[in-house]
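Every number in my numbering is 363 more than the matching position in the sequence shown, counting from 1.
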Amino acid sequence: MAARPVAGRRAVEVLLETELPKAPGHRLVLVDAVWDAGEKDTEFTVRVGGGHRRVVVTDQQSPLGIADAWHHHLTQASPDNDSVLVVTGTVPPDQLGWDLRAHAVHRHPLPVNRAEIVAQLFGATDLDPRMLGEHWLLDALLQAEPLDGWPRAGTVLTRDRAVRALLATRLGLGDTSADTLDLDADTLFAWTRTPAGPALFAALPESERRGLGEWLARAVGPAAPTLLSLAAEGRGGDALPLGALASAALASPTAEAAGFALGTLFGQALASFDTLRPFADAATGVLTRWIAEAEGGRTQADPARSRVLAVLERADRLAADARLTELVGDDRLLPSGYLGRLRTLAASLDEPTPTAAESALRHLTAHQLVALHAESTETAQTAVRLVRWLAAPPSPSETVGQAVQNHLACSGWADLALGVLSEGDGSRDTAVGEAYRRLIRAVRERRARLDQDFADLLTAWTETACQQANGGALLIEDVLAKAAAPLARDGGRPLILVLDGMSADVAVRLAGELDPRVWTEIVPASRNGAAPIRQAAVSMLPSVTRVSRASLLCGKPSEGGQTAERSGFAAFWRKRHRDAQLFHKGGYEGPPGHRLAPELVQTLASDDVVAVVVNTIDDALSDGREGTSGRWGLQDIGKLPDLLNAARDYGRPILLVSDHGHVIDRTERGHEPTEAPGVRGARWRTGAPKDGEVELSGPRVLTDGKRVTLPWRDDLRYTARQAGYHGGASLAEVTVPVITLVPSEGPVPSGWTLLAPEATEPQWWNTSGTTETDGPRPGEAYQSHASAGARPAPLGAPENEQGGRHDTPHRQAESGSATSRQGTLGERTVHSAPYKAQREFVRLAPGDKAVAAALDALLAAGGKLSPGAVAAAAQAATGKSQRNPERFATMLERLLNIDGYPVLQLVESGRTVQLDRALLQQQFPEGTA
């Protein structure tokens, strides 16, 4: 005898809703099926027509039992009761008497066709033939029907549609109303991380788990069976960590040994060793995509980062439990692999040459978590930069002017790196921290030697230095005349921003954060053919606000407070027939509801020259805040972004300058002040100099009888501990950064030239083994091209003792940085027929010489430069200023991108010009001759 079908509550409900309306008045329903033992409810109500009827289900195994149940049902019911008795069981229909069958609906047992019922529930007229024999699927669909019913499926209910609906209801995978289910490994692994998902799967009947597993294996791939086996065992949350660990183990040199340990971790969930690789590959693919999401700047980046690290840190814990840590210690995905590579880098920092550190940095940055540990990676990169700086041979400055210039161009960057390194590593690893501490000590020792050499130069120079005999140095009292006045020519309206206490390291960081699409940095053009560089001035002595800021704003050696500064500033500009306004702290901050003071905004809209003194840096140093490191950004300095935006809106060029710099207190806790006579400030006094001090006298010393004693060592102070100090004779305190900016659409004053970002960084800052190239570094690319012509290169910086940039000789290179009888690649390109034809369609196109120079500069730099560097290369070749680098790059796009092919394009939000050399040669074949 064939096994009878099993009927549950939902099958009976559908059967009654269909058959009872056809047999009014009948209260007995015989069902040719056995009752599902898993159903708990044997009494319920069904909707019949416009009302509801009570249903009682009884499962009987004999004709006598059926008759007794029917009799009991009739005697227990009230006369007006229309409840229905549903009888299931194993009694064959031919053993039922006609006296009983006469009371039953249709007078015979009703068959339960689960396929028809399922089709009815989905509103379909037919069912996918493959479903007819899959009792697990039909039963599951009957049991799992949502409260609001299954969604309508059309004429035919397909097997895939049915399984997708079941997955949504049973496991929370997808939506029952969706026509398609975008189910992939990402979705399935993400599901394992949900609180209830794996538990729901584990609670399913074995047949249903097996059926869903087979379907998911076909839909998702070979990783699904292992994942679902883990879920069935209650370990679904470890599926992704185990996949990451499996990938690491399989990639290790001892993969076979690791495989045995993995077998223990996976247990019965791993059907065979052959299934491990697909599972590991799927898991790492998912994690790689999650890492990409975490690296993005979107609002969900932080949750995505936490999600990735939670998985991978769990993988590391599993590795430790299985004693796999040593085998996977260098993995490129696990956090332990990142830490291991970081420790290797830290151990290499003591080497006398940067070769080992460069190699370790390349290895570290190849790790997949490098962007998620961005702060730690930046600190490691900074450490390698300092190793490069230490390895560069010293070349002492010969004059005070050259010393402050070199500090701004190079050793100030070392100060910036030192500030980053001093903050320590986010991993809080002891070995890494100690390595950084040793490197900091070595850097400070070299900086101390530089400061001592500078103090020696300062001693002799100060005796006679004045505006009439500056010894080649830019004096702070001459900054307005030589940097601000040119911006005010022909009706120019400069905004002079005095950041009190801004040292070189702060200045280079702030300048690097400026948007090159908004601001273009300019410097005086060189008269002797040398590459133009940023200007640096020498402060008054001692390097304190009362004398240095007053001298800056008055345009002559001065001493005094805000009143003296205002009168002196107005007098300086009155001599140049201009009105001027100076705003101090409290005068430019806006009241509630205003970003800036209305008085300042009105003045910015006028034709007056405007200056604003911002005290954020100096105040922070004197307040002694814990953690002040000197690593200042634009957003860290009060109202600076608002002031820059206002200057842009009113078309004002900017002079960004300080009155003096500062040193950070990097001494150990408990370091006491130096006891000395004649103390007048934290870093200056009178009296005979001692070790680490220098006595200065002359016109530039404006206090105490033109004679003062100043420390050049950064660990000397005479007062209570603060975050930082100024007043001394170190390079960081005496150097005054002078940064000149014009709006990208604004005019460049006569005698001034563009300064590309590449020209501002010392060579050791970005020359890294992480990018292997045989070509010149970006800052030199257009310089070497221009050296082939009649005009000198406009950018770059003289080599200083810290390993900065030398004027490079002309480079012989296929990229076009050298000339030949056929010309450079850029020159051949602009003389080709396709280029000449395209040029006819571009209005106001730049000259051929400018375009060729720009192309050769890009080719020499490996295909990428900032718009400013590209424009500067063209300016160097033609002598014609390119006032808007972004517009110049856009013109190059129009000239070179024939038929829309991206030969040249602006990328990285307009910050980089990218040239495709192969496409250039393909589009302009005559240029390859």
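Note that beta-carbon positions come from the ideal geometry of N, C-alpha and C, so glycine has one too.
Since we're looking at a predicted model, the values are computed, not measured.
Residue i versus residue j: straight-line alpha-carbon distance, rounded
i, j, result
"LEU448", "ARG373", "16 Å"
"GLY560", "GLY414", "38 Å"
"SER911", "ILE839", "7 Å"
"PHE946", "ARG1257", "45 Å"
"TRP752", "SER785", "16 Å"
"ALA580", "PRO1004", "55 Å"
"GLN998", "GLY782", "18 Å"
"SER739", "SER669", "16 Å"
"PRO715", "GLU741", "22 Å"
"ALA1010", "VAL1205", "33 Å"
"ALA811", "LEU724", "27 Å"
"ARG704", "ARG1015", "48 Å"
"ARG880", "ASP971", "26 Å"
"ARG1084", "ASP1078", "11 Å"
"VAL763", "LEU837", "10 Å"
"ALA1086", "SER902", "21 Å"
"GLN831", "ALA894", "26 Å"
"GLU1190", "GLY1109", "30 Å"
"LEU1065", "HIS736", "49 Å"
"GLU569", "GLY576", "10 Å"
"PRO1288", "GLY855", "47 Å"
"LYS385", "PRO588", "47 Å"
"SER722", "GLU497", "60 Å"
"GLY1061", "GLU922", "15 Å"
Beta-carbon spacing of residue i, residue j below 8 Å
i, j, result
"ALA1323", "GLY1024", "Residue 1323 cannot be examined here, being either before or after the span of the chain that is shown, 364 to 1292."
"ALA933", "ALA943", "yes"
"VAL795", "ARG929", "no"
"ASP863", "ASP981", "yes"
"ASP545", "LEU473", "no"
"ALA643", "SER615", "no"
"VAL418", "VAL409", "yes"
"LEU510", "VAL481", "no"
"ALA624", "LEU530", "no"
"ALA646", "PHE552", "yes"
"GLY1050", "LEU1073", "no"
"ALA847", "LEU1019", "no"
"ALA798", "LEU712", "yes"
Buried versus exposed, by CB contacts within 10 Å (16 or more), residue i
i, result
"SER1180", "Note on SER1180: pLDDT 38, under 50, position unreliable in the model; no value is reported."
"GLN731", "buried"
"ARG800", "exposed"
"ASP814", "buried"
"GLN631", "exposed"
"SER1113", "exposed"
"GLY388", "exposed"
"THR555", "buried"
"GLY401", "exposed"
"LYS1002", "buried"
"ASN891", "exposed"
"ASN1008", "exposed"
"TYR1264", "exposed"
"PHE636", "exposed"
"GLN1285", "exposed"
Contact set for residue i: own chain, Cβ-Cβ below 7 Å, skip 5 residues either direction
i, result
"ARG470", "ARG464"
"ASP547", "VAL583"
"HIS436", "VAL419, LEU448"
"VAL886", "PRO895, ILE896, ARG897, GLN898, THR1103, TRP1115, THR1116, LEU1118"
Rounded distance between the beta-carbons of residue j and residue i, thought under 8 Å
i, j, result
"ARG390", "ASP445", "7 Å"
"LEU1221", "VAL1270", "So it is not a contact: roughly 12 Å between Cβ atoms."
"LEU681", "ASP601", "7 Å"
"HIS1089", "SER906", "5 Å"
"LEU749", "ALA772", "About 16 Å; that fails the 8 Å criterion."
Cutoff 8 Å; reference residue i; Cβ partners in own chain excluding five residues on either side
i, result
"THR822", "VAL1057, GLU1058, LEU1059"
"VAL519", "ALA487, THR488, ASP489, LEU490, ASP491"
Residues of its chain near residue i, where Cβ-Cβ distance is below 6 Å and the 5 sequence neighbours each way are ignored
i, result
"HIS770", "ALA867, LEU1094, THR1098"
"THR405", "VAL420"
Minimum Cβ-Cβ distance from residue i to chain D less than 8 Å
i, result
"ALA777", "The chain labelled as chain D is not found in the depicted structure, where only one protein chain is given."
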